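Quick note: the sequence shown uses the numbering used here, first residue 283, plus one each step.
The C-beta atom is built at its ideal place from N, Cα and C for all residues, glycine as well.
These figures come from a predicted structure and were not determined experimentally.
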Amino acid sequence: MLNQVMLIGNAGATPQLRRTNDQAVATLQLATHRSWKDREGQRKEDTQWHSLVFWGPLAESAAKVLDKGQLLLIDGRLKHSSWPDRDDPEKTHYRTEVVVNRFRILSPKAPGSAPPATAEAAQSPS
């Protein structure tokens, strides 16, 4: 079976780094964009936001090198979760995240800066 997703998009902000059970975890929103012309020739646009999760050393790398607006290539897997609402047991919340295995910065480098970074996870928890 295969659960793999590859995305190219722009970071919505700098990653938020925290620790859970002595392991680093970083989260980031990634925007992907597409445009097309409809039957009448009018330009249409669609932007989708994706929730990314980085674990361990990959999370620490992401927090150090990623910044808002950077164009990124993301390789990971989808993870779906659900939980009941605290106030209304009839209501269920759902979330889909991309657990990142690798990323690469595709943005052109600024003069005098280091080449684009690439990072890969040694292993990815749940």
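Going by DSSP, G338 is part of the alpha helix (DSSP H) stretching over G338 to V347. Around the beta carbon of L334, 16 or more other beta carbons sit within 10 angstroms, so the residue counts as buried. Taking C-beta atoms as the reference points, L310 and L355 fail to come closer than 9 Å. About 26 Å separates the CB atoms of A313 and T302; that is not less than 8 Å, and the two are not in contact. In the DSSP assignment, the residues bridged to G358 are V287 and V382.
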